[in-house]
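Have a look at the structure below before the remarks.
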Amino acid sequence: MTEPQLSPAPASRSHAPLRHLTRLVQIGLLACAVAGYACAQLEDGDVLVSIAGNTVLAVGETMQLSASTEHGLDHGYAWSSSDDAVATVTVDGLVTGIGPGAVIITATGLDTGARADHAISVVADEPGSPYYQRWLSSGHADATAESFNHWNEDGEIATSCARCHSRDGFRDYIGDDGSAIGVVNQPAPIGSVIDCDTCHNDAAAALDWVEFPSGATLEGLGPEARCMTCHQGRASGDDVDAAIAEVGVGDDEISSDLKFSNVHYYPAGAVLYAGIARAGYQYEGQLYDRRLRHVPGQETCVGCHDPHSAKVQWDGCAECHPGVADALGARDIRMIASYNVDYDGDGDTEEGIFHELVGLHELLYQAIQRYAAEVSGQPICYSDARPYWYNSKSGAYADCTDDEAVSDNAFTAWTPRLLRAVYNYHTARQDYGAYAHNGRYIVKLLHDSISDLNGQLSDPIDLSKADRNAPGHFNAASEAARHWDEDESVSASCSKCHSGATGYRFWVEHGATLEVSETDNGMECFTCHDSFGSEYATLTVPSTSYPGGISLEHPGNDNMCATCHSGRESKATIDAAIAGNNLRFLNVHYLPAAAVRNGNLSAVGYQYDGKVYAGHLQHESRTQCTGCHEPGNSNHTFMIEDVWENTCRTCHNDQTGPEQIRTEHLLDYDGDGNTGETLVAELDGLERAVLAQMRTQASLCYDEHAYPYWFVDVGGSSDGFCVEGDAVGTNQFKGWTPALMKAAHNFQLSVKDPGGYAHNFDYLAQLLIDSVEDLGGDVAGLVRPI
Numbered sequence: 001m002t003e004p005q006l007s008p009a010p011a012s013r014s015h016a017p018l019r020h021l022t023r024l025v026q027i028g029l030l031a032c033a034v035a036g037y038a039c040a041q042l043e044d045g046d047v048l049v050s051i052a053g054n055t056v057l058a059v060g061e062t063m064q065l066s067a068s069t070e071h072g073l074d075h076g077y078a079w080s081s082s083d084d085a086v087a088t089v090t091v092d093g094l095v096t097g098i099g100p101g102a103v104i105i106t107a108t109g110l111d112t113g114a115r116a117d118h119a120i121s122v123v124a125d126e127p128g129s130p131y132y133q134r135w136l137s138s139g140h141a142d143a144t145a146e147s148f149n150h151w152n153e154d155g156e157i158a159t160s161c162a163r164c165h166s167r168d169g170f171r172d173y174i175g176d177d178g179s180a181i182g183v184v185n186q187p188a189p190i191g192s193v194i195d196c197d198t199c200h201n202d203a204a205a206a207l208d209w210v211e212f213p214s215g216a217t218l219e220g221l222g223p224e225a226r227c228m229t230c231h232q233g234r235a236s237g238d239d240v241d242a243a244i245a246e247v248g249v250g251d252d253e254i255s256s257d258l259k260f261s262n263v264h265y266y267p268a269g270a271v272l273y274a275g276i277a278r279a280g281y282q283y284e285g286q287l288y289d290r291r292l293r294h295v296p297g298q299e300t301c302v303g304c305h306d307p308h309s310a311k312v313q314w315d316g317c318a319e320c321h322p323g324v325a326d327a328l329g330a331r332d333i334r335m336i337a338s339y340n341v342d343y344d345g346d347g348d349t350e351e352g353i354f355h356e357l358v359g360l361h362e363l364l365y366q367a368i369q370r371y372a373a374e375v376s377g378q379p380i381c382y383s384d385a386r387p388y389w390y391n392s393k394s395g396a397y398a399d400c401t402d403d404e405a406v407s408d409n410a411f412t413a414w415t416p417r418l419l420r421a422v423y424n425y426h427t428a429r430q431d432y433g434a435y436a437h438n439g440r441y442i443v444k445l446l447h448d449s450i451s452d453l454n455g456q457l458s459d460p461i462d463l464s465k466a467d468r469n470a471p472g473h474f475n476a477a478s479e480a481a482r483h484w485d486e487d488e489s490v491s492a493s494c495s496k497c498h499s500g501a502t503g504y505r506f507w508v509e510h511g512a513t514l515e516v517s518e519t520d521n522g523m524e525c526f527t528c529h530d531s532f533g534s535e536y537a538t539l540t541v542p543s544t545s546y547p548g549g550i551s552l553e554h555p556g557n558d559n560m561c562a563t564c565h566s567g568r569e570s571k572a573t574i575d576a577a578i579a580g581n582n583l584r585f586l587n588v589h590y591l592p593a594a595a596v597r598n599g600n601l602s603a604v605g606y607q608y609d610g611k612v613y614a615g616h617l618q619h620e621s622r623t624q625c626t627g628c629h630e631p632g633n634s635n636h637t638f639m640i641e642d643v644w645e646n647t648c649r650t651c652h653n654d655q656t657g658p659e660q661i662r663t664e665h666l667l668d669y670d671g672d673g674n675t676g677e678t679l680v681a682e683l684d685g686l687e688r689a690v691l692a693q694m695r696t697q698a699s700l701c702y703d704e705h706a707y708p709y710w711f712v713d714v715g716g717s718s719d720g721f722c723v724e725g726d727a728v729g730t731n732q733f734k735g736w737t738p739a740l741m742k743a744a745h746n747f748q749l750s751v752k753d754p755g756g757y758a759h760n761f762d763y764l765a766q767l768l769i770d771s772v773e774d775l776g777g778d779v780a781g782l783v784r785p786i
């Protein structure tokens with residue numbers, strides 16, 4: 001699997017054709033807008049400028065860069081340096097290192113005007129260099145560590161270990177010794193560490209890919225490729241499945257042939273890339289997070305960690321997380337995406353995500369111990385000493401004692417179900433920074449492991465108060481985020497609202513869509529915010545384009561919301577399809593709340609000729625999206641239930657919840673004789689009236705949760721909603737007439753906006769009643785809002 005550009009690669013480029021923009025340009029441009037430094041800018045046309053050259057230069061040395069132009073012609077380039085105190089560049093691209101630091105070298109085409117930027121680190125060429133001193137403080141420089149001495153008795157480091165435990169093994173793997181790339185060709189000599197030469201050589205500078213133990217491959221990476229080549233673990237959930245399949249026993253059957261799969265130490269890169277790398281055991285039928293998207297500039301290894309000391313650069317964290325200056329402080333960080341959920345079910349939604357993981361970890365350990373005792377018939381305990389899992393002599397809920405953690409007491413009563421759970425337990429424990437690298441991915445691994453074990457326990461772990469997923473926009477395990485994973489990219493037709501910041505911001509800037517090469521992971525902060533820290537300035541979205549060609553300029557931040565809550569079909573698109581004799585169901589899409597609120601202004605409903613329809617929502621106040629769906633009071637869930645007490649009940653203090661509100665609409669709109677029911681129920685009654693009238697003209701049924709929603713009624717539905725077995729792709733309804741198309745559209749518009757009763761009850765009720773009438777139904781008993 002290939003994941004395109006995720007951060008600047010050794011060769012920097014400027015503008016490419018819009019439909020072929022790489023992830024480098026997409027993220028690079030957006031990141032630069034926030035960080036304030038120069039990057040390749042989009043120009044008119046298809047011109048692409050590239051710079052080739054190394055990325056590290058010593059003080060006093062020179063390096064020749066070269067530039068080239070694609071899709072255009074430049075007779076030369078203007079070269080410039082962002083900081084002459086760090087490095088200078090001549091008119092022909094010769095760079096000279098002046099002083100330690102980072103610098104951007106820019107080449108601008110003399111004819112095309114397109115430009116490219118090339119980042120260079122200038123290092124002092126003596127032991128007193130700050131980079132050298134920082135490296136000395138890192139674990140990579142610790143020549144006494146077990147990581148570099150484990151093989152001393154053998155006299156050489158085996159090929160299976162040399163890649164990450166020696167200078168020569170790493171350089172062998174990346175081909176810097178002239179050997180084949182991607183494999184360690186021979187054992188490495190003992191006595192080395194991960195030093196300057198390991199990461200600063202021609203092959204390392206060109207390294208822009210990583211292959212994980214699962215076989216998943218990332219390409220187009222930057223310097224973080226050097227980190228993740230080793231910080232990826234040595235096993236994946238795929239290995240667990242393969243081992244179980246090879247033995248071929250039932251989920252709860254003990255086999256002496258089953259062995260524990262060890263992910264190995266510090267698999268941070270694999271945890272960061274989560275469901276892409278498949279670091280954990282991912283249970284069948286469940287959806288999992290992908291790469292953690294933080295904020296631009298701080299979402300790669302070297303964006304957060306100093307590349308030489310490997311220490312976290314806490315100053316960057318403190319910009320958004322005031323007071324955080326060390327790991328202990330970071331453990332209390334809780335991103336806003338998780339403010340309203342309780343992952344470990346302990347009732348504390350203010351503790352840091354680190355502590356949520358600790359809570360889930362403890363619950364999983366309890367489940368593992370209960371399962372081992374009850375199903376395997378042998379109590380189990382865990383130790384940091386290999387092979388980690390041992391027979392528990394006491395059966396106590398605790399880590400192994402020294403007496404228990406001995407090799408001849410290793411646990412062997414493995415079942416497939418137990419192996420899956422202990423693999424995830426161990427994976428979460430081996431990445432000490434998992435809470436920061438991808439905490440919500442680990443939450444799901446632990447939660448699902450507990451749930452799987454629970455099915456076999458007489459006394460299961462209580463998960464009734466433990467949330468698995470983040471809410472709404474932040475839910476990376478939703479179908480809205482994961483639908484495109486099999487394609488490994490988000491199509492241009494969907495990227496505006498389903499690829500996070502990349503597709504959304506491209507649409508806002510250019511009014512066009514593009515295929516986005518990385519699938520969504522829920523909305524990140526940068527989707528809507530331009531700055532981070534003391535202020536979170538919002539992106540300016542000047543207008544909203546509705547299907548059918550209508551463009552509206554909404555006040556405040558409404559265009560930001562409405563851009564994706566606008567629907568995808570309308571009266572105009574339906575009329576066009578009918579005129580072209582292209583009779584089929586056109587799906588308005590999900591949550592078209594802004595379109596419903598606008599009423600006839602955006603005309604997304606099928607408005608019948610000669611009828612008058614309600615306009616924009618009428619309310620005493622709070623008619624803007626965030627007037628009700630307050631981001632601050634809801635902690636960015638935007639859910640009405642999260643603002644009900646502090647906002648809605650100010651006026652509606654005699655109601656118990658938003659659906660109970662019925663202040664002005666007091667008539668019996670659906671004709672069922674009940675004026676005390678909710679407006680939700682009134683709309684439901686009108687929807688059923690439309691569906692019943694549609695069924696007088698065709699044998700069809702509807703299923704809200706099965707695309708394409710409309711099917712042939714084979715099973716004999718009593719109410720128009722499909723019975724089991726009918727809602728399958730091969731049974732979709734195709735006998736569309738113009739009248740059925742119009743009615744089905746209005747029906748779907750009402751169903752797909754569950755808040756429609758509040759957004760614009762009058763508009764939806766009018767559309768539904770007119771649909772019944774257009775189909776020849778009797779509307780005498782229905783009340784059409786004026």
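When we follow the numbering used here, the leftmost residue of the sequence shown carries the number 1, and every step to the right adds one.
Every residue gets a Cβ at the ideal spot worked out from N, C-alpha and C, and that includes glycine.
{"Asked": "Excluding the 5 residues flanking PHE474 on each side, which residues of the same chain have their C-beta closer than 6 Å to its C-beta?", "Found": "ALA337, GLY522"}
{"Asked": "Answer with buried or exposed for VAL183, where buried requires no fewer than 16 other C-beta atoms within 10 angstroms of its C-beta.", "Found": "exposed"}
{"Asked": "What separation, rounded to the nearest whole angstrom, lies between the Cα atoms of PHE170 and ALA78?", "Found": "38 Å"}
{"Asked": "Which residue marks the beginning of the alpha helix (DSSP H) containing GLN748, and which one marks its end?", "Found": "738 to 752"}
{"Asked": "Excluding the five sequence neighbours on either side, which residues of its own chain have a C-beta within less than 6 Å of the C-beta of TYR173, listed in chain order?", "Found": "ARG163, VAL184"}
{"Asked": "Would you kindly work out how many angstroms separate the C-alpha atoms of LYS496 and CYS301, rounded to a whole number?", "Found": "28 Å"}
{"Asked": "Comparing C-alpha positions only, which one of THR112, ILE98, PRO100, ALA87 sits nearest to GLU70?", "Found": "THR112"}
{"Asked": "Just to confirm my understanding: we take LEU364, look at its own chain, exclude 5 residues before and 5 after, and list those with CB closer than 6 Å. What are they?", "Found": "TYR425, LEU446, SER449, ILE450"}
{"Asked": "May I ask you to verify whether the stretch 394 to 412 touches the stretch 280 to 298, counting CB pairs closer than 8 Å and requiring at least 3?", "Found": "no"}
{"Asked": "Express the C-alpha separation of GLU362 and GLN748 in angstroms, rounding to a whole number.", "Found": "45 Å"}
{"Asked": "Within the same chain, show all residues whose beta-carbon is closer than 6 Å to that of ALA512, passing over the 5 residues directly before and after it, in chain order.", "Found": "none"}
{"Asked": "Give the single residue among TRP507, VAL516, THR502 whose Cα lies nearest to the Cα of PHE526.", "Found": "THR502"}
{"Asked": "Give the range of the beta strand (DSSP E) segment to which GLU160 is assigned.", "Found": "Looking at the sequence provided, one finds Ser at residue 160 rather than Glu. First-last for SER160: 159 to 165, but that is the alpha helix (DSSP H), not the beta strand (DSSP E)."}
{"Asked": "Would you decide whether TYR388 is buried or exposed? Buried here means 16 or more other CB atoms lie within 10 Å of its CB.", "Found": "buried"}
{"Asked": "If you follow the alpha helix (DSSP H) that THR69 is in, where does it begin and where does it stop?", "Found": "Counting along the chain, THR69 falls outside any alpha helix (DSSP H), though it belongs to the beta strand (DSSP E) covering 66 to 70."}
{"Asked": "Between which residues of its own chain and ALA428 is the CB-CB distance below 7 Å, once the five residues before and five after are set aside?", "Found": "LEU357, HIS361, ALA434, ILE442, LEU445, LEU446"}
{"Asked": "Cα-Cα, which of GLU677, VAL91, GLY101, GLY93 is closest to ASP83?", "Found": "GLY101"}
{"Asked": "Just confirm the distance between the C-beta atoms of ALA765 and PRO785, as a whole number of angstroms; I'd bet it's less than 8 Å.", "Found": "5 Å"}
{"Asked": "For my contact list, ASP168 and ALA141 are in at a C-beta cut-off of 8 Å; report their separation, rounded to the angstrom.", "Found": "Between ALA141 and ASP168 the Cβ distance is about 16 Å, and since that is not below 8 Å, they are no contact."}
{"Asked": "Quick one: Cα of ILE244 to Cα of PRO416, how far?", "Found": "6 Å"}
{"Asked": "Mapping DSSP to helix, strand and coil, what is PHE711?", "Found": "strand"}
{"Asked": "Would you mind working out which of PRO223, LEU221, ARG234, ALA204 sits nearest GLY215, comparing C-alpha positions?", "Found": "ARG234"}
{"Asked": "Taking just the CA atoms, how far does ASP92 sit from ILE105?", "Found": "12 Å"}
{"Asked": "Can you list, in chain order, the residues of its chain with a C-beta nearer than 8 Å to that of HIS589? Leave out the 5 residues immediately preceding and following it.", "Found": "GLY567, ARG568, GLU569, LYS752"}
{"Asked": "Mind reading off the beta-carbon distance from GLY605 to LEU767? Whole number of angstroms is fine, and I expect it under 8 Å.", "Found": "4 Å"}
{"Asked": "Just to confirm my understanding: we take ASN804, look at its own chain, exclude 5 residues before and 5 after, and list those with CB closer than 6 Å. What are they?", "Found": "Since the first residue shown for the chain is 1 and the last is 786, residue 804 is missing from the structure and cannot be characterised."}
{"Asked": "Have a look at TRP736, TYR702, HIS745 and flag the residue whose alpha-carbon is nearest the alpha-carbon of ASP726.", "Found": "TYR702"}
{"Asked": "Is the number of C-beta pairs between the stretch 367 to 385 and the stretch 660 to 678 that are closer than 8 Å three or more?", "Found": "no"}
{"Asked": "Using 8 Å for Cβ pairs, my map puts ARG440 next to ALA476. What's the rounded Cβ distance?", "Found": "7 Å"}
{"Asked": "Can you give the Cα-Cα distance for VAL508 and ASN454, rounded to whole angstroms?", "Found": "47 Å"}
{"Asked": "Thinking C-alpha only, which one of CYS528, GLY500, PHE532, ASP530 is nearest SER517?", "Found": "GLY500"}
{"Asked": "Short check: CB of GLY237 to CB of ALA274, under 9 Å?", "Found": "no"}
{"Asked": "Can you tell me the Cβ-Cβ gap for LEU813 and TRP736, rounded? I've got them flagged as a contact below 8 Å.", "Found": "Here the chain has residues from 1 to 786 only, and residue 813 is not among them."}
{"Asked": "Taking only heavy atoms of the ligand ADP into account, decide whether any of them is closer than 8 Å to the Cβ of ASP520.", "Found": "The model on display carries no ligand, and the ligand ADP is accordingly not part of it."}
{"Asked": "Here's the rule I'm using: 16 or more other beta-carbon atoms within 10 Å means buried, otherwise exposed. How should ASN646 be labelled?", "Found": "exposed"}
{"Asked": "Taking DSSP's pairing of strands, which residues face PRO189 in a bridge?", "Found": "GLU156"}
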